[in-house]
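Step one of this worksheet: look at the structure below.
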Ligand code: HEM
Ligand SMILES: Nc1ncnc2c1ncn2[C@@H]1O[C@H](COP(=O)(O)OP(=O)(O)OP(=O)(O)O)[C@@H](O)[C@H]1O
Ligand SMILES: Nc1ncnc2c1ncn2[C@@H]1O[C@H](COP(=O)(O)OP(=O)(O)OP(=O)(O)O)[C@@H](O)[C@H]1O
Ligand SMILES: [Mg+2]
Ligand SMILES: [Mg+2]
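Structure (structure tokens):
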């Protein structure tokens, strides 16, 4: 890291120092957590008490309030990881590694939830838990990529080395995911003309949009909170590794 | 250039002297093709319909088998560290390895594919489309394989990690590969798939040596 | 006995350490199963029909890819030579390794098989037959695998010789395994296949440690 | 160590032994006799067959001619040979102490505990470290510690000094000295000198 | 060797170099300066960080602090470092001569031919043998021959004497001597003595 | 609470599943944070900020 002395860059320098980063961002966690809690409460209230059943799907539309935010996050988290990967490779930002590592399990979890809620939604609307439909399938592939990244992180002993290698894979994945998405859509229409009914045709009424947006922000803020907390933990974990190695070698 | 040839000949030599490595791949390829009829029963129409898919799955899995050897032994005996000090850029070394990998693990499969075509009751025209599709698509698999192998070599465990990393990435190759064989979508679609496959292969083959070289360089210690 | 436990715990430790070999294995199994639909198309009836074959091929492959690690690293670092001088008979060492191999590479697959069943649109009854079939058949694969790995390591060929040796041997396992799942031949045939599978497994598991130990003993230098 | 590790009547003998690789005879008509408490240094230029001879003594290679016998050894005590070769038999992802515990488990005749053995070879501080992270000399020390966790009368050491520092060489001489003093036998192939009195020397020569 | 291999103005320098593994610093503030024709011995107990320092000099590990520079080296000549470590980078199923030809191909700046290099290290007779069948010392000689087939100004040798017989040690000293005489640089980590005049010594010490 | 119509079980299980998933995620994050903090204290970390070296 080159030392930049211009005053307006100091926050960047401070953020790139792990200890400083923790000190700077730790006070954010509690407010973020509270905000997330309020948003969830509001979202659930809107979702169950103030929004009517939808005219085609009935009450199952309420699954949307958890399905769409998680599905959206499944992609947003990957974008976060890809940007962090660039941060690792191009700018060599020390916190980028940490962010990349913290995001992977979160992304996997949100993707799994999107799949779960999607298939529970699919049963009453399409009559099946699983269909090899383009969007569902590419989400499944995304889950595999996430899990692969988690496995890759765990396979390395030295997390600093791991970061750069994982960053390469994350970026290769980032280039490839649009191609996968395209190919899967192409594939599903190739073999099976669209026979599935999709809800995204009619524009949604406001009573449905409100809870959707509130839940959407709730999930996003939850991700931000968890991501920050996980980053702090990871910083500490690295410190522990250093201290343990040092202890093993008999230095105080 | 002469360095590139050196790596290429070394790799090919090593895999030809290995005694039956190529044979193993071919055997595996054929076994996968032969097992499926047992699973689905002797329905020829059905077999012919899923034949393109089976061929591609068999080829894909067979290429996964050889991945471990791409960088693993070189790492273990210290050769990989010396590659990083070689005059030849690491990406060229990896490029030569990718080519050798394709020559020793994809080409034999393509040569053996008539056997599979026979077992799966493929007709003549489909057979030729299959050969073309394999020719166009396997380079992409080799390239992805190299990336996977390079990324996992520093973890010193190899085995199944590389396959699980690259299998999701290879989905487009499978889809377009099968699309380029099967006639169900009409000849236009088969041709479009073949073109997409070729484009994908080209991109992967050109970029993978650099990505893999970066991974090797940064992962090693 | 305590020596046997030592080998067992060492092997299990090695495969659990350093983050989820087992996770990788399970992922591999599921990914292979999930990738097949891309090749054969999203037709659920068809998928359900070839599901037994897919499951067995995925399991076979997952176990095959782990074989290299059975004796390869032990040979490379000199451990194998020391096993031959150990108090514990070599066949007991190999036996412990076979058990550990099954525990760490077959059992997780069986536990993960529900996911595959869901993806491949398997019905409940078929699912249970699949679990049974895997339980009965994978020990034979582990045993054959050990023999193959031992012969490979003895000939210093490494890599893919083991698969080539055991692939033909494993064909009956795969065929009976698939037979024990698929209902195409009626319940009687499935049951007969399951029985044959059990008999095969029993025989292989009992004999393979001795055969593999012999191969290791004769081959090492 | 306990009483039974004193093997006063032992004698490692070879009868017209011929050793080699494949069909190539490297040395023939070797008649060795190493009594209890005796140490033998194998010397000779690179590629002459020292390692081959050691492997043959250990029973890991079959003799091309003649035979090897360990007289006075009771087979009930289990295998008699400890072999320590070029390769250290150390696996990544097991700590030093786990590695030793494993060998102690399968080699029988337990002597020192793993921790004691590590202390003896100067690795007490590295006990919980992944064994692959040890330096070359530390790995060699770990390999030597393996000889200490199970008692066996005959030690066959192939270039045991390699990668050891001055301190380590002394340690090695001490270990071998103790072993011989207890009535053990040691055959050592090495190009370095070992600071121990009274070692016999057997020089292998290149065949014409 | 040809003219251009004489590197009279070379100098290998380190500036406040700190080396280590992961985040553990093993040695810091190392300020070395090895001029053309100079040889440097690294000494120190097992596990002190000699191999780590050599790897860092070679650029195979990144320095934790400071930097390494080879002054006076023209980058057009290609990489400047030959590293020869614990592992010999020898693959089964390639003969000795094929192995060398391969390294000659990818390392650039060809000097001796593979056969000449084999002769120089005393392996002429084993040229067509599978390299994995060579004895430990012969494999080490083959690894040294790799340094001869492509000319590079700086040799970094990690325990090059291991497994070498007396003859081999002399050979090694001769090779290093010739290399230094031509204006090369050598940094050698070894516990053994090397029979060469005028080698500087850098002793690494265990950190408190 | 309102009636959830014919497919109540799907809605409830979707929400329950997501709730469990989120609870697990939060629990895991908190637990990991606690553990690392405790371990750091055990090791007697001298850096107040709990950051990494230097
Ligand atoms: C396992 C099954 C499913 C998966 C993996 C899945 C995945 C996704 C994904 C990735 C998105 C895109 C989110 C974004 O815009 O960024 C999405 C959006 C959406 N999904 Fe699903 N989905 C599944 C099942 C369903 C079902 C069964 C329905 C309804 C019948 C449904 C309705 C919607 C709606 C309404 C949206 C938002 C509107 C849109 O972006 O077009 N999904 N889903
Ligand atoms: N890959 C690695 N990861 C982490 N630590 C390592 C690694 N390799 C070695 N170490 C540690 O670094 C220290 C120095 O090792 P190094 O190999 O440099 O020592 P050395 O001076 O060469 O010793 P020797 O004389 O035994 O060869 C050792 O204490 C070792 O435990
Ligand atoms: N596995 C093998 N197969 C065939 N020949 C071999 C094998 N290993 C070694 N040789 C040959 O046997 C001869 C003796 O090798 P050996 O390893 O016994 O020598 P050594 O005396 O130990 O030498 P060093 O001092 O170099 O260790 C060598 O010439 C070598 O080429
Ligand atoms: Mg030897
Ligand atoms: Mg060293």
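Protein chains in written order, with my numbering: chain H, 721 to 972; chain B, 182 to 402; chain G, 182 to 402; chain L, 1094 to 1301; chain D, 1094 to 1301; chain U, 3 to 56. Quick reminder that beta carbons are idealized off the backbone N, C-alpha and C, glycines included. Since the structure is predicted, the reported quantities are computational estimates derived from the model, not experimental observations.
Query, Result
"Beta-carbon proximity check, residue 245/B vs residue 349/B, cutoff 8 Å", "no"
"Pairwise C-alpha distance: residue 1166/D and residue 736/H", "35 Å"
"First and last residue of the uninterrupted alpha helix (DSSP H) at residue 850/H", "Note, residue 850/H: premise wrong, no alpha helix (DSSP H); not H, not E."
"Alpha-carbon spacing of residue 742/H relative to residue 803/H, whole angstroms", "20 Å"
"heavy atom of ligand 3 below 7 Å from residue 1231/D C-beta", "yes"
"Any non-hydrogen atom of ligand 3 closer than 7 Å to residue 1228/L Cβ", "no"
"Cα-Cα separation, residue 223/G to residue 907/H", "9 Å"
"Own chain, CB closer than 6 Å to residue 361/B, minus 5 neighbours either side, in chain order", "314, 371, 374, 375 and 378"
"For residue 1131/D, the nearest candidate out of 1257/D, 1105/D, 1296/D and 1287/D (CA to CA)", "1105/D"
"Reference residue 395/B, options 386/B, 272/B, 186/B and 250/B, closest by Cα", "272/B"
"Near ligand 4: residue 1144/L beta-carbon under 7 Å from a heavy atom", "yes"
"Every unbroken alpha helix (DSSP H) within the segment 208 to 291 of chain G, with a cutoff of 4 residues, ordered by chain", "225 to 246, 249 to 257, 260 to 264 and 271 to 286"
"Start-end ranges of the alpha helix (DSSP H) lying completely within the segment 766 to 823 of chain H, minimum 4 residues", "784 to 806"
"7 Å Cβ shell around residue 954/H - same chain, five flanking residues per side excluded", "818, 821 and 822"
"Within-8 Å CB hit, residue 889/H to chain G", "no"
"Beta bridge counterpart(s) of residue 833/H as assigned by DSSP", "Answer by DSSP bridge pairing: none, since residue 833/H is not bridged."
"Three-state secondary structure (DSSP) of residue 1271/L", "helix"
"Straight-line Cα distance separating residue 1239/L from residue 268/G", "14 Å"
"C-beta contact flag for residue 1149/D and residue 1112/D at 8 Å", "yes"
"Contacts of residue 19/U in chain H (Cβ-Cβ under 8 Å)", "833, 836, 837 and 840"
"Per-residue burial, residue 898/H [other beta carbons within 10 Å of its own, 16 or more giving buried]", "exposed"
"Cα-Cα separation between residue 1249/L and residue 1184/D, rounded to whole angstroms", "27 Å"
"Distance cut-off 7 Å: residue 763/H Cβ against heavy atoms of ligand 2", "no"
"Interface flag, residue 1153/L vs chain G, CB-CB below 8 Å", "yes"
"Option in 846/H, 844/H and 939/H with minimal Cα separation from residue 758/H", "939/H"
"Rounded straight-line distance, which links the Cα of residue 289/B to that of residue 1278/L", "55 Å"
"Contact belief for residue 1110/L with residue 1159/L at Cβ below 8 Å, rounded distance in angstroms", "4 Å"
"7 Å Cβ shell around residue 1296/D - same chain, five flanking residues per side excluded", "1136 and 1137"
"Status (buried if at least 16 other CB within 10 Å, exposed otherwise) for residue 825/H", "buried"
"Chain B contact for residue 1127/D (CB, 8 Å cutoff)", "no"
"Coarse secondary structure for residue 1123/L, derived from DSSP in three states", "strand"
"Span separating the alpha-carbon of residue 1176/D from that of residue 188/G", "38 Å"
"With 16 other Cβ atoms within 10 Å as the buried cut-off, status of residue 219/B", "buried"
"Chain L contacts from the segment 268 to 283 of chain G (Cβ-Cβ distance under 8 Å)", "268, 269 and 274"
"Meets three-Cβ-pair contact criterion under 8 Å: the segment 277 to 288 of chain G and the segment 316 to 335 of chain G", "yes"
"Residues near residue 1293/L by beta carbon distance below 8 Å, same chain, minus five either side", "1127, 1131, 1132, 1133 and 1134"
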